[in-house]
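Visitor:
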Amino acid sequence: MRARVLLAVIAAVFCMAAASDPAERLPDPAQEARAREIFQQVRCLVCQNESIDDSNAELAQDLRRIVRDQVQQGRSDAEIKSFLTDRYGEFVLLRPSFSIGNLALWLGPFLVVLLGVVLLLGRLRHRLPEAELDAADVERLRRLEDGES
Numbered sequence: 131m132r133a134r135v136l137l138a139v140i141a142a143v144f145c146m147a148a149a150s151d152p153a154e155r156l157p158d159p160a161q162e163a164r165a166r167e168i169f170q171q172v173r174c175l176v177c178q179n180e181s182i183d184d185s186n187a188e189l190a191q192d193l194r195r196i197v198r199d200q201v202q203q204g205r206s207d208a209e210i211k212s213f214l215t216d217r218y219g220e221f222v223l224l225r226p227s228f229s230i231g232n233l234a235l236w237l238g239p240f241l242v243v244l245l246g247v248v249l250l251l252g253r254l255r256h257r258l259p260e261a262e263l264d265a266a267d268v269e270r271l272r273r274l275e276d277g278e279s
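Structure representation (structure tokens):
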């Protein structure tokens, strides 16, 4: 168990160190800061749950290089994202845009919750009514409460 934790910590340290390799950085600090902002918005296609800024995968390194090259060429953020989505698909963005193609992904969770509420309300509505006690049952309950048999 300790070995797994140790390996996880070592892997995390290497991932962070490799993701911010000084040799990869742009000479202009403003351009580098802009590139880092874009890195946070682009998904590593290998890790899938991390941005390319956080990933150590080779593909993430290639994507960082592509983004830096595009920033150096003076392209806008929208042009860079468009280039990446044309090449890798909308999945490359950590926050995909709202479009007809991914409407189900955006609305799906809301529809599932709405369906759950409708089913719950329907189930509560069709519950059997509680039966009323007749006089004999009321008398029997009174005797039980008083300790009589």
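Heads up, the sequence shown is in the working numbering, so the first residue is 131 and it goes up one at a time.
Ideal Cβ placement from N, Cα and C applies to all residues, glycine included.
How far does the alpha helix (DSSP H) with Glu188 in it extend, from its first residue to its last?
Guide: Its alpha helix (DSSP H) spans residues 188 to 202.
Visitor: Quick one: Cα of Tyr218 to Cα of Leu245, how far?
Guide: Going from the Cα of Tyr218 to the Cα of Leu245 covers about 34 Å.
Visitor: Exposed or buried, Leu274, counting other C-beta atoms within 10 Å across all chains shown (16 or more means buried)?
Guide: It counts as exposed.
Visitor: So, for Arg173: in the same chain, excluding its five sequence neighbours on each side, which residues have a beta-carbon less than 7 Å away from its beta-carbon?
Guide: Ser181, Phe221, Val222, Leu223, Leu224.
Visitor: Quick check: what's the CA-CA separation for Leu263 versus Leu271?
Guide: Cα to Cα, Leu263 sits roughly 10 Å from Leu271.
Visitor: Reducing DSSP to helix, strand and coil, say where Ser181 ends up.
Guide: Reduced to three states, the DSSP call for Ser181 is strand.
Visitor: Classify Asn186 as buried or exposed, calling it buried when 16 or more other Cβ atoms lie within 10 Å of its own Cβ.
Guide: That one is buried.
Visitor: Got a sec? Which residues, its chain only, sit under 7 Å from Ala147 by beta carbon, not counting five neighbours each side?
Guide: With a pLDDT of 45 at Ala147, under the threshold of 50, the predicted position of this residue should be treated as unreliable, and no value is reported.
Visitor: By how many angstroms is the C-alpha of Arg257 removed from the C-alpha of Leu251?
Guide: Looking at the two C-alpha atoms, the distance is approximately 10 Å.
Visitor: Measure the CB-CB distance between Arg198 and Ala165 and report whether it falls below 8 Å.
Guide: Cβ atoms of Arg198 and Ala165: closer than 8 Å.
Visitor: Whole angstroms are fine: how far does the CA of Pro226 sit from the CA of Leu156?
Guide: Going by the C-alpha atoms only, they are around 27 Å apart.
Visitor: Have a look at the DSSP bridge pairing and note the partners of Val172.
Guide: Note: Val172 sits in a beta bridge opposite Leu223.
Visitor: Do Ala79 and Val176 have their C-beta atoms closer together than 8 Å?
Guide: Residue numbering for the chain in the displayed model covers 131 to 279; residue 79 lies beyond these limits and cannot be assessed.
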